[in-house]
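Sequences listed follow chains A and B, in order.
If you count by our numbering, then the first sequence holds residues 2 to 83, one letter each, in order.
If you count by our numbering, then the second sequence holds residues 9 to 227, one letter each, in order.
Taking it in order: structure first as structure tokens, then the write-up.
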Amino acid sequence: MGVRRRSGAFILQVNPILCDGFGHCAELAPELVKTDEWGYPILKSDPVPLADAGTYESARYAERGCPRQALHIHRISEKKPH
Amino acid sequence: MIALTTPYLWYTTRATGIVALILFTMVVSLGTLVANRIGGTIVGRFEINELHRSLSMVALTFLAIHILTTVMDSYVPTGLISAFVPMTSDFKRVGVAIGAVAFDLILAVWISSLLKLRIANTSWRFIHWFSWLGFTTALVHAYMTGTDSRTGIGLVLVATCGAVVAAAALWRFFGRPTRAAGRTALSPLATSKDPVRATSDAPRPFPVSQRPTRERGRR
Numbered sequence: 002m003g004v005r006r007r008s009g010a011f012i013l014q015v016n017p018i019l020c021d022g023f024g025h026c027a028e029l030a031p032e033l034v035k036t037d038e039w040g041y042p043i044l045k046s047d048p049v050p051l052a053d054a055g056t057y058e059s060a061r062y063a064e065r066g067c068p069r070q071a072l073h074i075h076r077i078s079e080k081k082p083h
Numbered sequence: 009m010i011a012l013t014t015p016y017l018w019y020t021t022r023a024t025g026i027v028a029l030i031l032f033t034m035v036v037s038l039g040t041l042v043a044n045r046i047g048g049t050i051v052g053r054f055e056i057n058e059l060h061r062s063l064s065m066v067a068l069t070f071l072a073i074h075i076l077t078t079v080m081d082s083y084v085p086t087g088l089i090s091a092f093v094p095m096t097s098d099f100k101r102v103g104v105a106i107g108a109v110a111f112d113l114i115l116a117v118w119i120s121s122l123l124k125l126r127i128a129n130t131s132w133r134f135i136h137w138f139s140w141l142g143f144t145t146a147l148v149h150a151y152m153t154g155t156d157s158r159t160g161i162g163l164v165l166v167a168t169c170g171a172v173v174a175a176a177a178l179w180r181f182f183g184r185p186t187r188a189a190g191r192t193a194l195s196p197l198a199t200s201k202d203p204v205r206a207t208s209d210a211p212r213p214f215p216v217s218q219r220p221t222r223e224r225g226r227r
């Protein structure tokens with residue numbers, strides 16, 4: 002696994018063109034993904050700190066498990082004020 | 009090539025061939041379940057997908073043993089090249105050639121899946137369609153070259169595997185759901201008697217606890 006950087010944050014993002022609403026992400030990362038009534042994902046828009054290892058692991062499972070490869074983890078080095 | 013004359017290599021070839029055929033039947037069927045979006049209530053959809061991936065690794069292992077023992081066995085004159093290139097085997101030229109085609113197709117599907125995160129998803133999907141052709145050629149190979157597949161339980165097995173995958177193919181092409189077939193989990197909307205709620209802006213309960221989710225810490 003190596004050294005995991007603890008600073009910074011990430012956002013799980015979806016490419017809505019590729020997404021076909023399989024719903025695997027909502028099962029793999031329930032803390033980040035909800036589904037709308039058609040089964041498409043509604044992603045948590047707030048950045049999650051990388052120090053939250055469990056959530057980051059879920060995001061990686063969701064990214065890997067997407068049948069359409071529509072998800073990716075966008076890393077941000079600093080927490081953006083919003 | 010190493011010449012080995014023990015009959016057990018030949019027995020291993022036969023046995024692993026049969027097991028690999030059964031395993032690939034299961035892999036193709038499970039892949040159809042994923043594509044047709046089965047799961048989400050009792051078992052998660054991701055669990056079927058993971059089973060599909062894991063079982064394909066088991067099937068590939070059996071296929072590797074099947075090919076290696078055939079190549080190593082000196083009873084039948086097949087070389088390592090015959091496992092990849094069709095029409096190079098002196099033993100059952102056409103049957104082994106079809107097996108080589110099946111192996112090449114399965115290799116293409118496997119390698120594209122290993123590179124799935126690096127290649128375009130449309131490329132992966134295009135290559136993944138060839139798994140149907142790979143299974144069909146493997147089935148023909150099993151019938152043509154299989155020592156046990158012409159009579160008795162072997163024939164029943166080959167016919168059953170073919171029938172299962174044929175049913176899966178028909179279901180895949182005629183019974184596939186629309187682009188997004190709705191929520192994966194036990195949704196309050198799925199059982200709601202009041203469909204108006206589906207479009208209302210009111211906050212609604214979200215049954216995370218009822219949803220099959222990956223267990224924390226499991227690989």
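From the three backbone atoms N, C-alpha and C, an ideal C-beta is built for every residue, glycine too.
- With respect to F70/B, F143/B sits apart: the two C-beta atoms are not nearer than 8 Å.
- Interface residue (Cβ-Cβ distance to chain A less than 8 Å): V42/B is classified as such.
- The segment 129-177 of chain B is shown to contain whole alpha helix (DSSP H) runs of 4 or more residues at 129-136 and 138-153, in chain order.
- For K124/B, the neighbours in chain A by C-beta distance under 8 Å run, in chain order, Q70.
- Listed along chain B, the residues sitting closer than 7 Å to G66/A by beta-carbon distance are F54 and N57.
- Looking at the DSSP output, V34/A shares a beta bridge with L44/A.
- Put simply, the segment 89-105 of chain B does not touch the segment 54-67 of chain B. Fewer than three CB pairs are less than 8 Å apart.
- Among the residues of the segment 12-45 of chain A, those with a Cβ less than 7 Å away from any Cβ of chain B are L19, D21, G22, F23, G24, H25, A27, E28, L29, P31, K35, T36, E38, W39, G40 and Y41, in the order of the chain.
- When the Cα atoms are used, L88/B and E32/A turn out to be separated by approximately 50 Å.
- In this structure, T96/B sits away from T21/B, with a CB-CB distance that is not shorter than 8 Å.
- Under the three-state reduction of DSSP, L13/A is assigned to strand.
- One finds F23 in chain A with Cβ atoms closer than 7 Å to the Cβ of R45/B, taken in chain order.
- Distance from the CA atom of I75/B to the CA atom of I18/A, rounded to whole angstroms, is 41 Å.
- Interface with chain A (8 Å Cβ-Cβ cutoff): G39/B is excluded.
- Going by beta carbons, D37/A and R69/A fall outside the 8 Å limit.
- For the C-beta of G48/B, the chain A residues within less than 7 Å are, from N- to C-terminus, G24.
- DSSP places R126/B outside any beta strand (DSSP E), giving it a letter other than H or E.
- In this structure, the beta-carbon distance from G9/A to I77/A falls below 8 Å.
- The C-alpha of G48/B is placed about 23 Å away from the C-alpha of V172/B.
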